[in-house]
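Residue numbers (our numbering): 51 to 360. Backbone N, C-alpha and C fix where the C-beta goes; we use that ideal spot for every residue, glycine too. Since the model is a prediction, treat every value here as computed from it, not as a measurement. A short worksheet on the structure shown next.
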């Protein structure tokens, strides 16, 4: 049996084939595994995408994908890659297809000078991430969950809600200090592309020099608002009452009672709601990387917007 592993161009890429492969790998269907979602993410959502695929007799039997990101670490711009969407057809899991995918991906990224990696961890891929990419660091994202109470303040009417991707991106990037752009950095155009998902809605709320992006989701049958990213131009974290007001406005606009924030932004320090123990998530919201823990002092922000998960 001849198995070919190689980079797949975007012109070659067929979202329907990847969606079928994902169904074979996971035994389920849904918007996250739809051909529409894959086609958007790979062709429109990010600046540069690397698709490593395995074929036999012209049939796609496996793939591993990376999204190129720019990180600001210790004041220096560094190219990084987020690994996503490892799928291998069940009948080929015993012929080391996954290992070949990882080796080809590693060689491709090393050739491009990329040596910083991270991925949203899952049980199946964790071993491969450690073995082939040396992703030895597992970071549980700090998380806060809270309840929207419908209590209004006198300044609530001064909060602006944006619902189009261009307005959201412009409002949020305008409330970002250049000095606070540490961790994954984005321009307004990149942020607009990132939140133009065909399957998820994003909204933002801003007041003064502070803004928050949220996305209404249903997680484990519970409707909630994911707080995906926070922004401020202030030289200090915003006041708690401002954060409560913006979070409340987003929950009201998205018809959600509960909100969840995961990650950190040292310039913002989101601690609204109740801190949730990592054990509550049973291995979820864990990031595998080769830098998040060891270089934590070199950057100040890592939030859900930085993950394909969100």
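Check, Outcome
"In chain order, what residues of the same chain have a beta carbon less than 6 Å from the beta carbon of residue 215, not counting five sequence neighbours either side?", "242, 245, 246"
"Considering only C-alpha positions, which residue in the set 297, 345, 54 is nearest to residue 260?", "297"
"Relative to the C-alpha of residue 183, which candidate in 173, 152, 170, 163 has its C-alpha closest?", "152"
"Please confirm whether any heavy atom of the ligand HEM lies closer than 7 Å to the CB of residue 319.", "Inclusion of the ligand HEM in the displayed structure is not the case, the ligand content being empty and no account of it being possible."
"Have a look at 197, 171, 128, 139 and flag the residue whose alpha-carbon is nearest the alpha-carbon of residue 165.", "128"
"Residue ranges of each alpha helix (DSSP H) run of no fewer than 4 residues wholly in the region 147-203, ordered along the chain?", "147-161, 173-183"
"For residue 221, name the three-state secondary structure that DSSP assigns.", "helix"
"Buried or exposed, going by whether 16 or more other CB atoms sit within 10 Å of the CB of residue 251?", "exposed"
"Quick one: what does DSSP say residue 293 is sitting in, helix, strand or coil?", "helix"
"Are the region 309-324 and the region 182-196 touching, with three or more C-beta to C-beta distances below 8 Å?", "yes"
"Quick test of the definition: if touching needs 3 or more C-beta pairs under 8 Å, does the region 171-179 touch the region 263-281?", "no"
"For residue 335, collect the residues of the same chain with a Cβ closer than 7 Å to its Cβ; drop the 5 residues on either side in sequence, then sort them by chain order.", "190, 191, 193, 312"
"Can you give me the C-alpha to C-alpha distance between residue 233 and residue 51, rounded to a whole angstrom?", "44 Å"
"Which residues in the same chain have their Cβ closer than 7 Å to the Cβ of residue 300, if we skip the five residues on either side of it in sequence?", "253, 255, 262, 264, 275"
"For residue 66, does the three-state DSSP call read helix, strand or coil?", "helix"
"Below 8 Å between beta carbons: does that hold for residue 280 and residue 308?", "no"
"Are the region 333-350 and the region 56-70 touching by the rule of at least three beta carbon pairs closer than 8 Å?", "no"
"Exposed or buried, which one is residue 102 when buried takes at least 16 other CB atoms within 10 Å?", "buried"
"Should residue 88 be labelled buried (16 or more other beta-carbon atoms within 10 Å of its own) or exposed?", "buried"
"Quick one, are the C-beta atoms of residue 55 and residue 154 less than 8 Å apart?", "yes"
"Leaving out the 5 sequence neighbours to the left and right, which residues in its chain are closer than 7 Å to residue 282 when beta-carbon positions are compared?", "225, 259, 260, 288, 317, 318"
"Determine the extent of the alpha helix (DSSP H) in which residue 88 is found, giving its start and end residues.", "85-90"
"Measuring alpha carbon to alpha carbon, tell me which of 77, 267, 285 ends up nearest residue 278.", "267"
"Under the rule that 16 or more other beta-carbon atoms within 10 Å means buried, what is residue 124, buried or exposed?", "exposed"
"Quick one: measure Cβ to Cβ for residue 35 and residue 295, integer angstroms, because I've assumed they're closer than 8 Å.", "Absent from the model: residue 35. The displayed extent of the chain is 51 to 360, so no value can be given."
"Within 10 angstroms of its Cβ, does residue 50 collect 16 or more other Cβ (buried), or is it exposed?", "In this structure the chain extends from 51 to 360, so residue 50 is not present and cannot be described."
"With DSSP as the reference, identify every bridge partner of residue 311, one or two as the case may be.", "194, 277"
"Indicate whether residue 133 and residue 167 have their beta-carbon atoms separated by less than 8 Å.", "yes"
"Which residues in the same chain have their Cβ closer than 8 Å to the Cβ of residue 209, if we skip the five residues on either side of it in sequence?", "255, 256, 257, 295, 296, 299"
"Taking the continuous alpha helix (DSSP H) assigned at residue 334, which residues delimit it?", "Element bounds for residue 334: n/a, residue is neither H nor E."
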